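Peer 1:
Numbering (this note's numbering), first residue to last: 1 to 565.
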């Protein structure tokens, strides 16, 4: 049996994904055969493995950090929000239905524990160490009974827990203490200690607080990671990223030619796989920004309409904001536009959707001779081909089936003038193709931009992953971390009051799950009995707020005690 560790966080976006990746890279560099694992992920950024399974993009990045091929075992449950109230459930890499939060947390999530622990057991039987990533906070006390991704999986596997806190947000000491104090005594016994992320300044000024934290909790801090600029690492969840005015981080280098190239990405609702533009941002002289106003397209040399989990919703949003008219004008003027996946579908003539939005037939923008019909079966593929005379690789994740009726062929899509459309994600990571595409864009835009001849996105990504490994190796107590991974949580960790009461039937308690039973894993984990998900991949399911705070502002009058305020 291999060792392991669960990297939890005081909040969402505390840095769990990058810390997990950093630990994986540190371990593999010291000769440890390591794999990442996240039992359940909620994200619109996903990836397709070699075997045709859809998993979170962050887990694919972590697998790259571990220098192993990503598989569905590393992310058995993926939730892809389709609205504020429901998500598509992807189980073992395949979509199995649409479900509301109430339906998912009402017992069906708990039914997944056997599948999740079986996947973890398979990884543990193959690798020396498995580094698990939690989700949100382990102290979501309203969800603890059905938790399969934080303390539920830690209890089932008897893994020590390292809690990461983002000090750049402030309140990290209160977050560490409060997270621990809200857990039950059984859960607290696995919380080994803390890791401070994104620290700026002199660490000696932080040490008195770390000493007091130890005095309050009996738990040490395993490292203080400095704030690292320019880490262009895949982000897990586009829903929580504020895109207004955001610029993708890029290489700090002057343009290779006389001009820069400005890329505007339409920040459509339910935007998925916005990591597609990272390869552009890696090019010296390319500036990538996200926009939501028509006037922001005026000075753009290239406009990208990215993927989305809500094509019809994105189309309506583009029309409401005047962006649709601006895109049509750009196409008529011969100014470059690229549509990727849902963005490609939006640029077509017609969309027939009885699956995702169930809106029926909807007119597209009509700038590409394409008609889209949504199929209940999802296309998951890793295509290889060529375009603009260069080799290209990508991956496909879509329900829409394209009927291309004209234009020049382009990556199984088409091109008309300076407008390109394709279902292929990740195509811009192919270096020679990306450079050739930017030459075409610069020519159409009238810019004297020249792509650098030697930019390698793969090399840059490896350098970033090595930087993460360096952060862990140089700023964490790696000897103590290895003892955790190999030997589990230290014994005799004190209880921090008040704690949460133990709830009978908590996931991971007692003998639940293969990891605690010591049972041999099934050769291929299957959908567990009792997981009855209403409808097909396109059904809406029972409606309940899935995104937590989404829509809170517009519903405040109904849910806030105004007299008390």
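In this text, a Cβ means the ideal position worked out from N, Cα and C, and glycines have one as well.
Remember, it's a predicted structure, so these values are computed and weren't measured experimentally.
According to the neighbour-count rule (16 or more other Cβ atoms, all chains shown, within 10 Å of its Cβ), is residue 498 buried or exposed?
Peer 2: With fewer than 16 Cβ atoms within 10 Å of its Cβ, residue 498 is classed as exposed.
Peer 1: Is the CB-CB distance between residue 259 and residue 437 below 8 Å?
Peer 2: Going by C-beta atoms, residue 259 is not nearer than 8 Å to residue 437.
Peer 1: Assign residue 400 to buried or exposed, taking buried as 16 or more other Cβ atoms, counted over all protein chains shown, within 10 Å of its Cβ.
Peer 2: With 16 or more Cβ atoms within 10 Å of its Cβ, residue 400 is classed as buried.
Peer 1: Based on the DSSP secondary-structure assignment, which residues constitute the bridge partners of residue 9?
Peer 2: Residue 9 pairs with 164.
Peer 1: Smallest Cα separation from residue 426: which of 45, 96, 480 and 214?
Peer 2: The candidate whose alpha carbon is nearest that of residue 426 is 45.
Peer 1: Taking C-alpha atoms, which residue in 311, 409, 318 and 389 lies nearest to residue 354?
Peer 2: The shortest C-alpha separation from residue 354 is found at 311.
Peer 1: Residue 129 bridges to which residues according to DSSP?
Peer 2: Note: residue 129 sits in a beta bridge opposite 3 and 34.
Peer 1: Going by C-alpha distance, which of 442, 269, 493 and 168 is nearest residue 229?
Peer 2: Comparing Cα positions, the closest option is 168.
Peer 1: My output table needs one value for residue 182: the three-state DSSP class, helix, strand or coil.
Peer 2: Coil, per DSSP.
Peer 1: What does a CB cutoff of less than 7 Å around residue 60 pick up in its chain, not counting 5 residues either side in sequence?
Peer 2: Cβ neighbours of residue 60 beyond the five flanking positions: 47 and 70.
Peer 1: Can you tell me whether residue 203 is buried or exposed? The criterion is at least 16 other CB atoms within 10 Å of its CB, across all chains shown.
Peer 2: That one is exposed.
Peer 1: Between the alpha carbons of residue 224 and residue 474, how many angstroms are there, rounded?
Peer 2: Roughly 10 Å separates the two Cα atoms.
Peer 1: Buried or exposed, going by whether 16 or more other CB atoms sit within 10 Å of the CB of residue 205?
Peer 2: That one is exposed.
Peer 1: Is DSSP giving residue 256 helix, strand or coil here?
Peer 2: Reduced to three states, the DSSP call for residue 256 is coil.
Peer 1: Is residue 462 helix, strand or coil when you go by DSSP?
Peer 2: DSSP places residue 462 in helix when its eight states are reduced to three.
Peer 1: Are at least three pairs of beta-carbons, each pair with one atom in the region 340-352 and one in the region 389-404, less than 8 Å apart?
Peer 2: Because the criterion of three Cβ pairs below 8 Å is met, the region 340-352 and the region 389-404 touch.
Peer 1: Kindly identify the DSSP beta-bridge partner or partners of residue 396.
Peer 2: Answer is 381.
Peer 1: Less than 8 Å between the CB atoms is what I'm expecting for residue 294 and residue 330, so what's the real figure, rounded?
Peer 2: Actually they are not in contact, since the Cβ atoms of residue 294 and residue 330 sit about 10 Å apart, beyond 8 Å.
Peer 1: Starting from residue 344, trace the alpha helix (DSSP H) in both directions and tell me its first and last residue.
Peer 2: From DSSP, the alpha helix (DSSP H) with residue 344 extends over 342-347.
Peer 1: Among all the DSSP beta bridges, which residues are the ones paired with residue 387?
Peer 2: Note: residue 387 sits in a beta bridge opposite 390.
Peer 1: What would DSSP say about residue 49, mapped onto helix, strand or coil?
Peer 2: Note: residue 49 maps to coil in three-state DSSP.
Peer 1: Might you give, ordered along the chain, the residues of its own chain that have their beta carbon closer than 7 Å to the beta carbon of residue 407, omitting 5 neighbours on each side?
Peer 2: Contacts found: 368, 369, 414, 415 and 416.
Peer 1: Please go through the same chain and pick out, in chain order, the residues whose beta-carbon is closer than 7 Å to the beta-carbon of residue 300, but skip the five residues on each side of it.
Peer 2: Counting only Cβ-Cβ distances below 7 Å, and skipping sequence neighbours, we find 262, 263 and 264.
Peer 1: Do residue 43 and residue 78 have their C-beta atoms within less than 8 Å of each other?
Peer 2: Their beta carbons are under 8 Å apart, which means residue 43 touches residue 78 by this criterion.
Peer 1: Quick one, are the C-beta atoms of residue 10 and residue 116 less than 8 Å apart?
Peer 2: Cβ distance not < 8 Å, so residue 10 and residue 116 don't count as in contact.
Peer 1: Starting from residue 567, trace the beta strand (DSSP E) in both directions and tell me its first and last residue.
Peer 2: Since the displayed the chain opens at 1 and closes at 565, residue 567 lies outside it and no answer follows.
Peer 1: Are there 16 or more other CB atoms within 10 angstroms of the CB of residue 384, so buried, or fewer, so exposed?
Peer 2: Exposed, because fewer than 16 other Cβ atoms sit within 10 Å of the Cβ of residue 384.
Peer 1: Looking at C-beta atoms only, is the number of pairs between the region 184-197 and the region 482-493 that lie closer than 8 Å three or more?
Peer 2: Result yes; three or more Cβ-Cβ pairs closer than 8 Å.
Peer 1: Using three-state DSSP, classify residue 455 as helix, strand or coil.
Peer 2: The answer is coil: DSSP assigns residue 455 none of H, G, I, E or B.
Peer 1: What does DSSP give as the partner residue(s) for residue 351 in the beta ladder?
Peer 2: Beta-bridge pairing links residue 351 to 362 and 372.
Peer 1: Give me the Cβ distance between residue 315 and residue 348, rounded to the nearest whole Å; I'm assuming they're in contact under 8 Å.
Peer 2: Their Cβ separation, rounded to whole angstroms, is 10 Å, which puts residue 315 and residue 348 out of contact at 8 Å.
Peer 1: Hey, residue 337 and residue 291: beta-carbon distance below 8 Å or not?
Peer 2: No; because the gap between Cβ atoms is not below 8 Å, this pair is not in contact.
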